[in-house]
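Residue numbering for the sequence shown follows the numbering used here, beginning at 1 and increasing consecutively. Quick reminder that beta carbons are idealized off the backbone N, C-alpha and C, glycines included. Small disclaimer: the values here were computed from a predicted structure and weren't measured.
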Amino acid sequence: MPSFLARNRRIDVSGLSTPITALFVVVIGLGACLYPSYRVMVRPYLELHDLRAANGAFELKEHFAALALLIQPLYWRAWRRPLAPTLAGTRRIVTFLLAGMVWWNFIVGNVINHIGGPLQ
1 MPSFLARNRR IDVSGLSTPI TALFVVVIGL GACLYPSYRV MVRPYLELHD LRAANGAFEL
61 KEHFAALALL IQPLYWRAWR RPLAPTLAGT RRIVTFLLAG MVWWNFIVGN VINHIGGPLQ
């Protein structure tokens, strides 16, 4: 029986670049809709209680979200069909960067949500 990685290497992921890019833009848009309530409710709480690390982590989250949104056209171009062999390094780097930014945003968002939990 082949390993998990060996089975998934056979999947043609080049057809997923458009849905991934579209869903990413939708998620960033939904986050932008929630952002004003963070600025009004949670950020003053963090500043009042001198939680600079949490506030700074969220500021970095904002920057990563903007950078990831700017990288999306490059991601889409690198992964669209047919996969250009010359873009293999670009695909690897862009995917790694986006994955890191998305995980950072996910973890920081959850931590901030738990810090600001009593406010909601």
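Let me know the beta strand (DSSP E) ranges lying completely inside the region 45-98, each 3 residues or longer, listed in chain order.
-> none
C-beta contact flag for residue 14 and residue 77 at 7 Å | Walking along the sequence shown from the start, residue 14 turns up at place 14. Walking along the sequence shown from the start, residue 77 turns up at place 77. Going by C-beta atoms, residue 14 is not nearer than 7 Å to residue 77.
Give me the Cα-Cα distance between residue 92 and residue 18, rounded to the nearest whole angstrom.
-> In the sequence shown, the residue the question calls residue 92 occupies position 92. In the sequence shown, the residue the question calls residue 18 occupies position 18. Cα to Cα, residue 92 sits roughly 17 Å from residue 18.
Buried or exposed for residue 105, please, with buried defined as at least 16 other CB atoms from any protein chain shown within 10 angstroms of its CB.
-> Sequence index remark: in the sequence shown, residue 105 carries index 105 (1-based). When all chains shown are included, residue 105 counts as buried.
Rounded straight-line distance, which links the Cα of residue 55 to that of residue 46 | Stepping through the sequence shown from its first residue, residue 46 is reached at position 46. Stepping through the sequence shown from its first residue, residue 55 is reached at position 55. When rounded, the distance between both Cα atoms is 6 Å.
Label residue 35 either buried or exposed according to how many other C-beta atoms from any shown protein chain fall within 10 Å of its C-beta, with 16 as the threshold for buried.
-> The sequence position of residue 35 within the sequence shown is 35, counting from 1. So residue 35 counts as exposed.
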